[in-house]
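S.K.: Protein chains in written order, with this note's numbering: chain A, 1 to 257; chain B, 258 to 514.
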DNA sequence: TTTACATTGCGTCATGATGACACAATGTAA
DNA sequence: TTACATTGTGTCATCATGACGCAATGTAAA
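In structure tokens, the structure reads:
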């Protein structure tokens, strides 16, 4: 299907297939090269980037819509996904914004078109394993790639605000719940998980105190193996004790870092 | 205006005045008689109760809609109000539910009527000073009164789930932010604020440890006065240091209770 | 008026969590 | 062989927390 045809199809079908006024946007975090990353879509016309998002089926739970967006964009099932905030200011999605884009697509629109109306969006954030993701851009976008959280490019509309809020929520989350199972490979070293925490919190932690504390949670298993091929002393490998990990998610951790 | 006329007016005007598919519901907490209370509306036909809620003006920020609902129902300005969760399952507001009610009002409805469609609702919770509130029922309700949190009556639709989630959020909130300014009178005693915490957390706290910890936050001023007319030793009165209180709201407290 | 009692104000003590830091062991590269 | 970065493990002082003691205060019963 031609790109413009699929855009037209969305425009035509949307009015009756989707819940009006409401959308979901997903902040997808990954971890690679000791850096926290986020997946962003390159806008097809503008030199700006966007969070992957979508509309909600007329009979679809909002959470399911967010899951669907994630699966369509990343191919992943069973993702850690959490609603974190609603962005409901009028003017967050200016009518002109989309009219101009559609004009460039060669599509003339009635300004009463459903997609041009005001949209309130529900923000979700996801934590995913970097290497398991195969990013697939959507119809409206050129590319879909990872960005370092410290080098995020200019974003469309209020997506920067959404991203910042997601990150702030993730930091608070870190104090209450274990994090890492969906961000790290199955086997990882203590320095690796420490880097993850340092990156999310954006501050240095003492190596020895970190180890004492994270082991104290009782959610890690130390394996017999050590990591080979590293330039220095080979560190032990760890894995998550999934049973205890899930218990900790439900019951919460002891507070504070 | 007759009650049924005002309902008809809402039904007629709503289609163009309100954002479709989306509503707000407010969980309004107060504190009285050493008990946590919540304001509930008595349904006009059913022997059930409901959270105060409303629709969102076509150009109104979602937060503003929640504020408006609170002001209309309680007369209060400057309320602590916070969005806490979106409830977006289809079937949370069954079509039949409203059709039956409107029939009892003597109003026959087209099932395509805007208000009968699926609604996603944004949950907000508010903390208010019990004695400052003058509850005003809405058009659709008989009464609007305080209920003890431990004796909440049967609620319509998924409002029980919304209430429970609000309470759970409030408990977590208690670990991160100071709470009480909007729930307690201007001057209060140490046992009073302790009862507030105990009620929200639903567990006993040691009197002496509580005092040490809450004073440690540095958000309270001990006044010269003591509370008179009490049956025992007259306790000191305290008030919030609003400057430090607001700093603590922004920066967070030391974690954990 | 005296006494009993619930409540308040102020403290101690043992324990556990936390932050700062020391030192030996390991593996690579000069 | 040596220098050096990194890892594994432990110590110590400090602070936060939970459990609890005891005297002072004010009301109500004797």
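Just so it is clear, CB atoms sit at the ideal spot from N, CA and C, and this is done for glycine as well.
With H, G and I counted as helix, E and B as strand and the rest as coil, what does DSSP make of residue 9 of chain A?
M.R.: In the structure shown, residue 9 of chain A sits in a helix (DSSP, three-state: H, G or I).
S.K.: Quick check: the Cα distance between residue 256 of chain A and residue 113 of chain A, rounded to an integer number of angstroms?
M.R.: No answer about residue 256 of chain A holds up, because its pLDDT of 45 lies below 50 and its placement is not dependable.
S.K.: Does DSSP classify residue 292 of chain B as helix, strand or coil?
M.R.: Three-state result, residue 292 of chain B: strand.
S.K.: I'd like the span of the beta strand (DSSP E) that includes residue 400 of chain B, first residue to last.
M.R.: First-last of the beta strand (DSSP E) with residue 400 of chain B: 398-405.
S.K.: Checking 7 angstroms against the spacing of the C-beta atoms, do residue 122 of chain A and residue 152 of chain A come in under that value?
M.R.: No, the pair does not count as a contact, with Cβ atoms beyond the cut-off.
S.K.: Rounded to whole angstroms, how far is the Cβ of residue 318 of chain B from the Cβ of residue 395 of chain B, which I believe are closer than 8 angstroms?
M.R.: At roughly 21 angstroms, the Cβ-Cβ gap does not stay under 8 angstroms, so residue 318 of chain B and residue 395 of chain B are not in contact.
S.K.: Does residue 345 of chain B have its Cβ less than 7 angstroms from a Cβ in chain A?
M.R.: Residue 345 of chain B counts as touching chain A.
S.K.: With residue 355 of chain B as the anchor, note down where its beta strand (DSSP E) starts and where it stops.
M.R.: No beta strand (DSSP E) contains residue 355 of chain B, which is instead part of the alpha helix (DSSP H) from 352-361.
S.K.: Just list the residues that DSSP pairs residue 306 of chain B with in beta bridges.
M.R.: DSSP, once it has assigned bridges, lists B:299, B:412 as partnering residue 306 of chain B.
S.K.: Where does residue 340 of chain B sit, in a helix, a strand or coil, going by DSSP?
M.R.: Residue 340 of chain B: strand per DSSP, three-state reduction.
S.K.: Answer with yes or no whether the minimum CB distance from residue 419 of chain B to chain A is below 7 angstroms.
M.R.: So, not an interface residue.
S.K.: Can you pull the chain B neighbours of residue 83 of chain A, defined as C-beta to C-beta under 8 angstroms?
M.R.: Ordered by position in chain B, the residues that pass the 8 angstroms Cβ test against residue 83 of chain A are 342, 343.
S.K.: Out of B:420, B:351, B:296, which has the shortest C-alpha to C-alpha gap to residue 393 of chain B?
M.R.: Closest option to residue 393 of chain B, Cα to Cα, is B:296.
S.K.: Check this for me: beta carbons of residue 323 of chain B and residue 338 of chain B, under 7 angstroms apart or not?
M.R.: For residue 323 of chain B and residue 338 of chain B, yes; Cβs fall inside 7 angstroms.
S.K.: Exposed or buried, what is residue 150 of chain A when buried is set at 16 or more other beta-carbons lying within 10 Å of its beta-carbon?
M.R.: Classification of residue 150 of chain A: exposed, given that the 10 Å Cβ count is below 16.
S.K.: For residue 59 of chain A, would you say it is in contact with chain B, using Cβ-to-Cβ distances shorter than 7 angstroms as the test?
M.R.: Yes, residue 59 of chain A lies at the interface with chain B (some Cβ there is under 7 angstroms from its Cβ).
S.K.: Taking residue 106 of chain A as the reference, which of A:37, A:6, A:229 has the closest Cα?
M.R.: Nearest option by C-alpha distance: A:6.
S.K.: Would DSSP call residue 320 of chain B helix, strand or coil?
M.R.: Residue 320 of chain B: helix per DSSP, three-state reduction.
S.K.: What does residue 378 of chain B pair with, by DSSP beta-bridge criteria?
M.R.: Note: residue 378 of chain B sits in a beta bridge opposite B:280, B:344.
S.K.: What distance in whole Å lies between the Cβ atoms of residue 373 of chain B and residue 355 of chain B, which are believed to be in contact at a cut-off of 8 angstroms?
M.R.: Right, their Cβ atoms sit about 6 angstroms apart.
S.K.: Quick one: which residues of the region 13-28 of chain A get their C-beta closer than 7 angstroms to a C-beta of chain B? List them in chain order.
M.R.: Answer set for the region 13-28 of chain A: 19, 20, 21, 22.
S.K.: Taking the runs of the alpha helix (DSSP H) that are 4 residues or longer, which of them lie wholly in the region 169-231 of chain A?
M.R.: Entirely contained in the region 169-231 of chain A, the alpha helix (DSSP H) runs reaching 4 residues are, in chain order, 190-201, 207-216.
S.K.: I'd like to know if residue 122 of chain A contacts chain B, where contact means its C-beta is closer than 7 angstroms to some C-beta of that chain.
M.R.: Closer than 7 angstroms to some Cβ of chain B, the Cβ of residue 122 of chain A qualifies, so yes.
S.K.: What residue range does the beta strand (DSSP E) around residue 494 of chain B cover?
M.R.: Residues 493-497.
S.K.: How many Å lie between residue 26 of chain A and residue 50 of chain A at the Cα?
M.R.: Approximately 10 angstroms between the Cα atoms of the pair.
S.K.: In this structure, what does DSSP give as the bridge partners for residue 28 of chain A?
M.R.: Answer by DSSP bridge pairing, in chain order: A:126.
S.K.: When you compare each of B:459, B:311, B:445, B:287 to residue 485 of chain B by their alpha carbons, which one comes out closest?
M.R.: The candidate whose alpha carbon is nearest that of residue 485 of chain B is B:445.
S.K.: Alpha carbon to alpha carbon, what distance is there between residue 456 of chain B and residue 416 of chain B?
M.R.: Looking at the two C-alpha atoms, the distance is approximately 21 angstroms.
S.K.: What is the C-beta distance between residue 156 of chain A and residue 46 of chain A, in whole angstroms, given that I count them as a contact (C-beta under 8 angstroms)?
M.R.: That pair is a contact at about 7 angstroms.
S.K.: Taking its Cβ as the centre, do 16 or more other Cβ atoms sit within 10 Å of residue 487 of chain B, making it buried, or is it exposed?
M.R.: Residue 487 of chain B is exposed by the Cβ-count criterion.
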